[in-house]
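Novice: Take 7 as the starting number for the sequence shown in our numbering and just add one per residue. Here it is, the structure in full.
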Amino acid sequence: MRLRNMIGLVFMGAFLWSCSGDDLVKNLLPAEGSIGLANAFPQLSFDAPLDLQSPEDGTNRIFVAEQGGTVRVFPNDPQATTWTTFLDISQRTNTSSGELGLLGLAFHPEYASNGLFYVYYTPSPQEAQLSRFRVSASDPAQADTGSEQVLLRIAQPYTNHNGGQLVFGQDGYLYIASGDGGSGGDPQGNAQDLGSLLGKVLRIDVDARENGLEYGIPSDNPFRTTVGARPEIFAYGLRNPWRMSFDPETGKLWAGDVGQGAIEEIDIIESGGNYGWNRYEGTRCFDSGNCDTGGLIPPVFEYDHDAGDKSITGGFVYRGNEVPSLRGYYVYGDFISGRIWALSTQANAPENTLIVASGLNIASFGTDLQDELYLCGFDGAIYRFVAK
Ligand SMILES: [Ca+2]
7 MRLRNMIGLV FMGAFLWSCS GDDLVKNLLP AEGSIGLANA FPQLSFDAPL DLQSPEDGTN
67 RIFVAEQGGT VRVFPNDPQA TTWTTFLDIS QRTNTSSGEL GLLGLAFHPE YASNGLFYVY
127 YTPSPQEAQL SRFRVSASDP AQADTGSEQV LLRIAQPYTN HNGGQLVFGQ DGYLYIASGD
187 GGSGGDPQGN AQDLGSLLGK VLRIDVDARE NGLEYGIPSD NPFRTTVGAR PEIFAYGLRN
247 PWRMSFDPET GKLWAGDVGQ GAIEEIDIIE SGGNYGWNRY EGTRCFDSGN CDTGGLIPPV
307 FEYDHDAGDK SITGGFVYRG NEVPSLRGYY VYGDFISGRI WALSTQANAP ENTLIVASGL
367 NIASFGTDLQ DELYLCGFDG AIYRFVAK
């Protein structure tokens with residue numbers, strides 16, 4: 007187990023191995039029973055897949071980013087027999103600790119015409135980096151590894167909590183999740199520090215450049231004119247947002263924020279929002295010297311560790327067609343327990359339903375161009391959701 011702690015690895019190891027290798031329906035909760043997982047691409051396997059993306063370029067391909075620094079590409083077809091390597095920056099990627107590596111991939115909204123894409127990775131244990139690459143001029147299945155342009159470097163004082171999600175909004179801006187810099191308890195107080203890029207959701211304009219930066223600052227970024235604040239900050243008070251996504255229907259930005267030792271939380275990220283860390287872990291006061299909730303946005307949902315769920319992996323609001331009963335629900339999981347839930351926030355009180363006890367280490371979720379939902383398993387398989 008590379009993403010959170012070795013205890014999880016030892017604990018889950020036996021169960022994980024017992025589940026890997028079978029190729030179709032995963033174990034279901036009999037009480038729920040209506041939704042399962044199936045291997046989406048049974049002939050393909052991956053090494054620590056952490057991100058799944060599909061650009062709107064008319065080719066209906068799936069791109070899977072692996073932690074070690076590679077991106078594989080293949081047709082969005084369950085019969086796909088092989089992937090090819092789209093990008094290999096493994097020699098530039100440091101994976102000397104479990105939360106380091108190639109952590110995020112996003113294609114420019116105009117990828118079909120400009121061939122640009124973005125990756126977030128750790129070139130060293132003390133740094134995370136956002137880089138732009140371009141596809142090969144002659145081969146749509148190959149990136150030009152010589153095209154790298156570094157846009158942003160973020161110093162990381164500790165090896166853990168590096169964030170890494172990249173996602174373009176409907177506004178065309180790139181949203182970047184950064185962790186709080188690591189260790190435990192955010193000892194440097196980065197998440198509440200508007201002078202730090204750590205513990206934030208950042209938002210930049212990749213189509214502009216200003217003030218010596220390789221990107222622009224959107225004119226309505228909330229702290230653009232705040233003295234002492236980094237203008238890239240969109241929201242703050244986050245610990246380690248491990249996966250965030252936009253609901254394509256509502257435009258809301260959903261994030262799963264991994265907790266310290268007690269509470270995992272789901273946030274809807276708004277401009278200028280303070281999500282509490284490290285004053286609060288979920289709705290529980292963490293920094294006992296300051297339990298003031300003033301100005302803090304509480305999670306839309308949280309869960310504790312008592313049932314063995316210990317590290318949230320944020321998912322997506324499902325807008326696909328294969329599993330009609332999931333439509334409109336936020337589907338997310340827990341990396342340690344492998345449990346997957348569907349959350350509704352339509353009612354006055356959130357409704358959270360366990361839908362699959364997968365037994366998998368859930369590294370990430372992703373969607374294709376039809377908004378069908380996939381799960382990146384740390385066992386090396388990509389799973390899809392199926393109605394039973
Ligand atoms: Ca929070």
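Every residue gets a Cβ at the ideal spot worked out from N, C-alpha and C, and that includes glycine.
If I measure Cβ to Cβ from D94 and keep anything under 6 Å in the same chain, skipping five residues before and after, which residues do I get?
Specialist: T76
Novice: In terms of residues, what are the limits of the alpha helix (DSSP H) holding N327?
Specialist: N327 -> no alpha helix (DSSP H), and no H or E assigned at all.
Novice: Can P193 be considered in contact with ligand 1, in the sense that its beta carbon sits closer than 8 Å to one or more heavy atoms?
Specialist: no
Novice: Using the rule of at least 16 other Cβ atoms within 10 Å of the residue's Cβ for burial, across every protein chain shown, is A161 buried or exposed?
Specialist: By the 16-neighbour rule on beta-carbons within 10 angstroms, A161 is exposed.
Novice: Start and end of the beta strand (DSSP E) containing A183?
Specialist: 180-183 is the extent of the beta strand (DSSP E) around A183.
Novice: Which residues in the same chain as K206 place their Cβ atom closer than 6 Å to its Cβ, once the five residues preceding and following it in sequence are excluded?
Specialist: S184, I239, Y242
Novice: Tell me, please, which residues DSSP counts as bridged to W260.
Specialist: S251, I274
Novice: Consult DSSP for K97 and reduce its assignment to one of helix, strand or coil.
Specialist: Lys is not the amino acid found at residue 97; the sequence shown has Gln there. Reduced to three states, the DSSP call for Q97 is helix.
Novice: For C382, count the other beta carbons within 10 Å of its own beta carbon; 16 or more makes it buried, fewer makes it exposed. Which is it?
Specialist: buried
Novice: Span of the beta strand (DSSP E) holding S370?
Specialist: 368-373
Novice: From G188, P304, S96, A149, pick the residue whose C-alpha is nearest to that of L122; which is it?
Specialist: For L122, the closest of G188, P304, S96, A149 by C-alpha to C-alpha distance is A149.
Novice: Go through its chain and collect everything with a Cβ distance to N280's Cβ below 6 Å, but skip five positions before and after it.
Specialist: Y242, G243, G301, L302
Novice: First and last residue of the beta strand (DSSP E) that includes A393?
Specialist: Its beta strand (DSSP E) spans residues 388-393.
Novice: Taking all protein chains shown into account, decide if D385 is buried (16 or more other Cβ within 10 angstroms of its Cβ) or exposed.
Specialist: buried
Novice: Hey, which unbroken runs of the beta strand (DSSP E) at 3 residues or more fall wholly within the segment 193-225?
Specialist: 206-210
Novice: Thinking C-beta only, is L56 closer than 9 Å to L106?
Specialist: With contacts defined as CB atoms closer than 9 Å, L106 and L56 fail to qualify as a contacting pair.
Novice: G178: buried (16+ other C-beta within 10 angstroms of its C-beta) or exposed?
Specialist: exposed
Novice: With 16 as the cutoff for other CB atoms within 10 Å, does E357 come out buried or exposed?
Specialist: By the neighbour-count criterion, in which a residue is buried when 16 or more other Cβ atoms sit within 10 angstroms of its Cβ, E357 is exposed.
Novice: When DSSP labels each residue in this structure, what does F118 get in the three-state scheme?
Specialist: The amino acid occupying residue 118 in the given sequence is Ala; Phe does not appear at that position. It is helical.
Novice: T151 lies in the beta strand (DSSP E); which residues open and close that run?
Specialist: 149-161
Novice: Is the distance from the Cβ of F322 to the Cβ of W248 below 9 Å?
Specialist: no
Novice: Give every residue of the same chain whose Cβ lies closer than 8 Å to the Cβ of R215, excluding the five residues on either side of it in the sequence, and list them in chain order.
Specialist: Y221, G222
Novice: Could you tell me which of T87, I269, L332, Y324 sits nearest to Y309, measuring between CA atoms?
Specialist: I269
Novice: So, under 8 Å CB-CB, Q59 and F69 are touching, yes? Tell me the CB distance rounded to an integer number of Å.
Specialist: 5 Å
Novice: Say the cut is 8 Å; is the CB of E276 nearer than that to a heavy atom of ligand 1?
Specialist: no
Novice: Which residue marks the beginning of the beta strand (DSSP E) containing T359, and which one marks its end?
Specialist: 357-363
Novice: Quick check on the DSSP output: the beta strand (DSSP E) that includes F174 runs from which residue to which?
Specialist: Run containing F174: 172-174, per the beta strand (DSSP E) assignment.
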